[in-house]
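So the sequence shown is numbered by numbering that gives the first Met the number 0: it starts at 0 and just counts up by one. Please read the structure below before turning to the comments.
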Amino acid sequence: MPGVHVLGASRIKVEKEIGEFSWTVGGRLLRQALEQSQLESVDAIYASSMMSGELEGQMHLAALVAEEAGQSGAEAMDIASVSASGAAAIRAAFLAIKSGEVRTVAVVGLERMSAGDPNPVLRKALHAVREADRTMVLKNATALGLYLKRYGVPHSAFADFAVNAHANGAKNPLALFQKEVSREQVIEARMIAEPLRLFDCSPVCDGGACIILSAESYKKGPVLLTGSGCATDRFVLEDRADPLEFLAARMSFARACEGIGRSAADIRFFEVHDAFNIMACLCLEACGFADRGKGYTLAESGTIRPEGSLPIATMGGLKARGHPIGATALYQAAEIFAQLTGAAGANQLRDDRMGPALMQSIGGAGTTLFTHLFEPSQ
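Written out as structure tokens, the structure reads:
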């Protein structure tokens, strides 16, 4: 099966409000990525958005992005998996190229959360009957509360996840939040839902990003997408064998590594889905970077910082760069591409971190997990 190369990437600054339709942003991003990739066209365009149909009143987004970019005639599909929609689109593109059906795919992630009230849409990521009285915030507050009680750690043990994210976001001109925060600010921030505080949560925002993938036999690029995996878990936390084991994260990571000879020991940095700090912690444990009940120690010890042995959220992550939901995974992929091509500016990691990079994306509260692995092509 053909190798899958990343030829180019584009993204806009994450904002509270971008002030234009998501599909016009998508068309512009696609044109920019094509130019960087030195291509005039692609075989297929896959678009991801969780909310455009309800908040902007626009579905059929991929075909509209194709039209905006002068690519009408290309195969075009909308692909969704709630908060992991962008990662689902990347996996679909990876599989399409591996199958030999297409040579080049543009994956475009878009979200304009400012176009309406996103909360009713976010609730639809939960079980419509059994979790009708819950929200994503409450579900993550439950998980965090369980973690703190089981392992006997204080809430302050999680503070360095936010400190790291905001320190990295402060250096990223495309991040929503470009200001550092102190441990004290994180610990003393207002309560959102006991024990979840403000800096435990990612923000509502707008954004868009794009990557272009190619079959190795057609055109090589500076970065390879080497592995892709997906797995699911039960919707309701209480139905899981252990609510604090991110089973889908562990399984999707194993599936992405299967057949390519990679393991946790090979990973040089990790773009984690830190929509909530507890999610980052549980993903670190699930992938084998820390023992159960010890994920937070990677933040406390500085392991996750740019100078550490496993940098995460290198350009601010969902917490500081922002979490424009349908676009988030494309930001993660574009940021990995920037790191591995030496184009990350003030956020550039050391040369010894320029190896296999891990990306995880979460649909719901650990219900669906996508894992992707990227590596320099040379």
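Glycine is no exception: its CB is placed at the ideal position from the N, C-alpha and C atoms.
By the three-class DSSP mapping on this structure, what secondary structure does residue i have?
i: Leu212; result: strand
i: Val3; result: strand
i: Tyr45; result: strand
i: Val120; result: helix
i: Cys280; result: helix
i: Ile191; result: strand
i: Phe252; result: helix
i: Gln347; result: coil
i: Met103; result: The sequence as given places Thr at residue 103; Met does not occur at that position. If DSSP states are grouped into helix, strand and coil, Thr103 belongs with the strands.
i: Phe373; result: strand
i: Thr313; result: coil
i: Ser51; result: helix
i: Met58; result: coil
i: Ala245; result: In the sequence as presented, Ala is not what sits at residue 245; that position holds Phe. Of the three classes helix, strand and coil, the one that applies to Phe245 here is coil, per DSSP.
i: Ser380; result: Residue 380 is absent from the structure shown; the chain starts at 0 and stops at 377.
Tell whether a beta-carbon distance below 8 Å holds between residue i and residue j.
i: Gly321; j: Ala174; result: yes
i: Val162; j: Arg189; result: no
i: Thr340; j: Val222; result: yes
i: Ser262; j: Phe93; result: no
i: Ser120; j: Glu53; result: Sequence check: residue 120 is Val here, not Ser. Yes, Cβ-Cβ distance for Val120 and Glu53 is below 8 Å.
i: Cys200; j: Met112; result: no
i: Ser376; j: Gly258; result: no
i: Gly26; j: Ala68; result: yes
Of the choices the options, whose alpha-carbon is the least far from that of residue i?
i: Gly184; options: Phe20, Pro202, His165 and Phe373; result: Before going further, note that residue 184 is Gln rather than Gly in the sequence given. Answer by Cα proximity: His165.
i: Cys209; options: Ala127, Ile11 and His4; result: Ile11
i: Phe20; options: Leu243, His4 and Met50; result: Met50
i: Gly260; options: Glu374, Gly26, Pro172 and Leu236; result: Glu374
i: Ala158; options: Asp273, Arg291, Thr327 and Ala8; result: Asp273
i: Ser47; options: Ser40, Gln35 and Val24; result: Val24
i: Pro355; options: Leu137, Ala169 and Leu309; result: Leu309
i: Arg196; options: Leu6, Ser98, Gly144 and Val13; result: Gly144
i: Gln347; options: Asn167, Gly99, Ile191 and Glu34; result: Asn167
How many whole angstroms separate the CB atoms of residue i and residue j, which I take to be in contact at a CB cut-off of 8 Å?
i: Gly108; j: Leu372; result: Not really, about 19 Å apart at Cβ, beyond 8 Å.
i: Ala73; j: Ser80; result: Incorrect: roughly 22 Å between the Cβ atoms, too far for contact.
i: Ser82; j: Gly363; result: 7 Å
i: Ile211; j: Thr103; result: 7 Å
i: Thr313; j: Phe268; result: 6 Å
i: Leu236; j: Ala142; result: 7 Å
Three or more C-beta pairs below 8 Å linking the region 301 to 308 and the region 327 to 342: The answer is no - the region 327 to 342 does not touch the region 301 to 308, with fewer than three Cβ pairs under 8 Å.
Inter-stretch contact (C-beta, 8 Å, three-pair minimum) for the region 284 to 292 and the region 243 to 252: Flag = yes, the region 284 to 292 and the region 243 to 252 touch.
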